[in-house]
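Below is one structure, written out as structure tokens; comments come after it.
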Amino acid sequence: MPDSPPPPKPLDALPGPRGWPLLGNLPQLGQGRMHQVLERWVHEHGPLYRLRFVNKPVMVIADIELCRRVLRERPENFGRFPAFHRIISDMGLTSLFSSEGETWRRQRRVFMRALNIHQMAPFMPRLDAITARLQGLWVRAAGAGQPVAVLDDIMRYTLDVTTRFAFGYDANALETHEDPIQKHLSRILPQVSRRARIPVPYWRWFKLKADRQLDADLAGVRGYIEGLIAEARARIAADPALAERPTNLIEALLATRDEDGSVFSDHDIFSNALGTLVAGEDTTAMTLAWMMYFLAQNPGAQERLHAEAMQGGAERPYLDAVMSETFRLKPVAPVFFLHANVDVELGGYAVPAGTDLVLVTRPAANDTAEFPGEPGFHPERWLSPQPSYITRAPLAFGHGPRLCPGRNLAQLEIRAVATMLAREFRISLPDQRPVEEYFAFTMAPKELRLRFDRRN
């Protein structure tokens with residue numbers, strides 16, 4: 008008879024870093040560099056290790072196949088950190104991006120209706136117009152000869168695209184620099200990240216300056232979005248055909264009725280609209296900024312992109328390779344925080360229901376055994392016919408049932424900006440100082456400034 012497999016080992020058998028008394032490993036994670044600390048521990052302890060957050064055991068997984076399995080088995084076997092749900096609930100929010108179970112399924116159906124690829128074609132002229140605004144901004148910067156804080160520009164660009172596509176509203180934050188919610192949005196995710204590191208939710212009993220600022224930011228965004236909801240409701244009342252053929256996300260949410268006749272409440276619509284703004288603005292902008300950072304250091308890659316863009320046509324294989332290489336080296340979501348809903352075995356270890364999980368995805372994407380070829384930024388590695396590692400590509404948009412519903416729009420934005428950039432400009436770093444990574448639920452380049460020179 009074949010030998011039976013060994014029984015799974017307990018979590019206590021995992022290696023891991025020594026923590027602090029009472030608080031465990033939480034104080035060691037640091038502000039803005041949590042992902043780097045977790046990645047360093049992967050190199051020290053291996054792709055599976057344990058942590059302790061206060062009195063709770065946490066399993067860290069950097070094995071990419073196990074990461075894919077966990078993401079694939081959501082939402083039945085795994086969900087988000089309960090602490091994350093508490094933080095979001097305290098903020099009065101529950102959206103597609105934070106909900107679980109049947110609530111998530113119901114909301115996702117509406118999102119997929121509003122964000123499917125067939126809805127993209129009519130939007131392309133508007134996307135081109137917003138991209139032309141960004142080009143004009145950079146033409147003026149090139150003429151002035153001054154370095155540009157590009158992340159600020161790209162954040163306003165993605166805000167303009169998201170509000171136009173999802174809400175039918177032209178914010179024009181690029182040209183006015185006076186958008187009513189940009190400053191609020193830029194502060195919300197860092198505060199969620201800050202609260203996630205605090206073991207006791209003190210803000211339920213008293214509030215510090217940062218908590219009062221968060222309340223003000225949420226109130227500012229709420230007023231803005233409620234105005235958009237009122238306008239969409241008025242449009243549907245004036246043209247009932249919009250209920251059957253909604254032209255944006257808010258109209259789709261207002262028009263949706265489930266089989267039992269239930270509708271989305273205004274609170275549901277507000278929460279999902281805010282989730283769309285935050286997710287759509289941050290992740291796409293960070294990816295574009297990191298891509299530009301790499302291109303600024305690689306004139307040869309810029310010239311190859313330029314030649315491809317000038318050829319025209321829909322196919323952009325080198326641009327796709329640049330995107331894949333950016334996702335590999337600088338994933339904007341390098342860490343996923345999840346939770347085991349049921350008893351499960353992972354990597355030979357028994358994981359009880361209720362165990363928190365942290366997925367750390369970048370170490371596998373930087374493994375030279377998995378991704379051979381030149382080290383560092385080398386888009387050409389993605390151009391060989393069906394490279395063997397293509398199925399192990401970074402989890403830029405998640406994986407499994409929770410695959411990002413806005414990925415089609417995000418990729419269109421990235422391609423639009425990268426094509427415009429390649430046609431019109433050469434970019435460079437004004438100095439050779441390395442740009443630091445800063446993590447607050449997304450991984451941003453800190454103080455990235457670039458110089459623009461026009462090609463003509």
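Here my numbering = 1-based position in the sequence shown + 7. Beta carbons are placed, not taken as given, at the ideal position from N, Cα and C, and that holds for glycine.
Decide if Q439 is buried, meaning its Cβ has at least 16 other Cβ atoms within 10 Å, or exposed.
For the purposes of this step, residue 439 is taken as residue 432 along the sequence shown, with counting starting at 1. The residue is exposed, with fewer than 16 neighbouring Cβ atoms inside 10 Å.
In or out: M450 buried (at least 16 other Cβ within 10 Å) or exposed?
Indexing the sequence shown from 1 puts residue 450 at position 443. Its Cβ being crowded by 16 or more others within 10 Å, M450 is buried.
Whose CA, out of G355, R430, R211, lies closest to the CA of K16?
Residue 16 sits at position 9 when you count from the first residue of the sequence shown. It is G355 whose Cα lies nearest to the Cα of K16.
Note down, one range per segment and in chain order, each alpha helix (DSSP H) of at least 4 residues found wholly within the segment 282 to 344.
Under the rule that a run must span 4 or more residues, the alpha helix (DSSP H) segments found entirely inside the segment 282 to 344 read 306 to 318, 324 to 336.
Mind checking which residues open and close the alpha helix (DSSP H) that includes R242?
Numbered from its first residue, the sequence shown carries residue 242 at position 235. Note, R242: alpha helix (DSSP H), 216 to 245.
Closest to P386 by C-alpha separation, out of N463, A308, R204, V442, would be which residue?
The residue given as residue 386 occupies position 379 in the sequence shown. Taking only the C-alpha atoms, the option nearest P386 is A308.
With respect to the beta strand (DSSP E) encompassing V358, which residues constitute its N-terminal and C-terminal limits?
Stepping through the sequence shown from its first residue, residue 358 is reached at position 351. Looking at the DSSP string, the run of the beta strand (DSSP E) that includes V358 is 356 to 358.
Please classify E315 as buried or exposed, where buried requires at least 16 neighbouring CB atoms within 10 angstroms.
Position 308 of the sequence shown, counted from the first residue, corresponds to residue 315. That one is buried.
Reduced DSSP secondary structure (H/G/I, E/B, other) of H385
On the sequence shown, position 378 is the one that residue 385 refers to. It is coil, neither helix nor strand.
Cα-Cα separation, M298 to N415:
Here residue 298 corresponds to residue number 291 of the sequence shown, with the count starting at 1. Here residue 415 corresponds to residue number 408 of the sequence shown, with the count starting at 1. Between M298 and N415, the C-alpha separation is close to 18 angstroms.
Own chain partners of R147 with C-beta closer than 7 angstroms, once the 5 adjacent residues on each side are dropped:
Position 140 of the sequence shown, counted from the first residue, corresponds to residue 147. Here the set comprises nothing.
List the whole-angstrom C-beta distance separating I421 from L295, where the pair is believed to meet the contact cut-off of C-beta under 8 angstroms.
Residue mapping note: residue 421 aligns to position 414 of the sequence shown, counting from 1. Residue mapping note: residue 295 aligns to position 288 of the sequence shown, counting from 1. Indeed they touch by this definition, with Cβ atoms about 6 angstroms apart.
Pull up the CB-CB distance for E217 and Q189, whole angstroms please, since I reckon it's below 8 angstroms.
As a position in the sequence shown, residue 217 is number 210, starting the count at 1. As a position in the sequence shown, residue 189 is number 182, starting the count at 1. The residue you asked about is not Glu; residue 217 is Ala in the sequence shown. Their Cβ separation, rounded to whole angstroms, is 19 angstroms, which puts A217 and Q189 out of contact at 8 angstroms.
Less than 8 angstroms between the C-beta atoms of P437 and R456, yes or no?
The residue labelled residue 437 in the question sits at position 430 within the sequence shown. The residue labelled residue 456 in the question sits at position 449 within the sequence shown. Closer than 8 angstroms, so yes.
Name the DSSP beta bridge partners of M66, please?
To locate residue 66, count along the sequence shown from 1; it is residue 59. Paired residue(s): R57, L364.
Count the C-beta pairs between the segment 367 to 385 and the segment 334 to 342 that are closer than 8 angstroms, then say yes if the count reaches three, no if not.
yes
What residues in its chain sit with their C-beta under 7 angstroms from that of R140, if we drop five residues either side in the sequence?
Counted from its first residue, the sequence shown places residue 140 at position 133. Result list for R140: L181, E182, in chain order.
Close Cβ partners of I137 (< 8 angstroms) along its chain, the five nearest in sequence each way excluded
One-based indexing of the sequence shown puts residue 137 at position 130. Excluding residues within five positions, the ones whose Cβ falls inside 8 angstroms are Y164, D167, V168, R171, L181.
Cα-Cα separation between R458 and R311, rounded to whole angstroms:
As a first step, residue 458 is located in the sequence shown; it is residue number 451 there, counting from the start. As a first step, residue 311 is located in the sequence shown; it is residue number 304 there, counting from the start. Going by the C-alpha atoms only, they are around 19 angstroms apart.
Pick helix, strand or coil for P441, following the three-state DSSP scheme.
One-based indexing of the sequence shown puts residue 441 at position 434. Coil, per DSSP.
Let me know the secondary structure DSSP gives F446 once reduced to three states.
Reading the sequence shown from its first residue, position 439 is the one you call residue 446. Looking at F446 - three-state DSSP - the assignment turns out to be strand.
Roughly how many whole angstroms lie between the Cα atoms of H191 and M131?
Position 184 of the sequence shown, counting from 1, holds the residue named residue 191. Position 124 of the sequence shown, counting from 1, holds the residue named residue 131. Going from the Cα of H191 to the Cα of M131 covers about 28 angstroms.
Looking at the secondary structure, which residues open and close the beta strand (DSSP E) in which F378 lies?
For the purposes of this step, residue 378 is taken as residue 371 along the sequence shown, with counting starting at 1. Annotation for F378: no beta strand (DSSP E) segment contains it, and DSSP assigns it neither H nor E.
Buried or exposed: which applies to W212, given that a residue is buried once 16 or more other Cβ atoms fall within 10 Å of its Cβ?
In the sequence shown, the residue the question calls residue 212 occupies position 205. Classification for W212: exposed.
For E352, name the three-state secondary structure that DSSP assigns.
Position 345 of the sequence shown, counting from 1, holds the residue named residue 352. Strand at E352.
Measuring only from the beta carbon, is V199 closer than 7 angstroms to any heavy atom that is part of the ligand HEM?
Ligands displayed in this structure: none; no statement on the ligand HEM is therefore possible.
If we count the other Cβ atoms within 10 Å of its Cβ and call it buried at 16 or more, is V65 buried or exposed?
The residue labelled residue 65 in the question sits at position 58 within the sequence shown. Its Cβ being crowded by 16 or more others within 10 Å, V65 is buried.
Which two residues bound the contiguous beta strand (DSSP E) that contains F130?
Within the sequence shown, numbered from 1, the residue matching residue 130 stands at position 123. Unbroken run through F130: none, as it is neither H nor E.
Taking the C-alpha atoms as reference points, what is the distance between E431 and P324?
Position 424 of the sequence shown, counted from the first residue, corresponds to residue 431. Position 317 of the sequence shown, counted from the first residue, corresponds to residue 324. Computed Cα separation, rounded: 19 angstroms.
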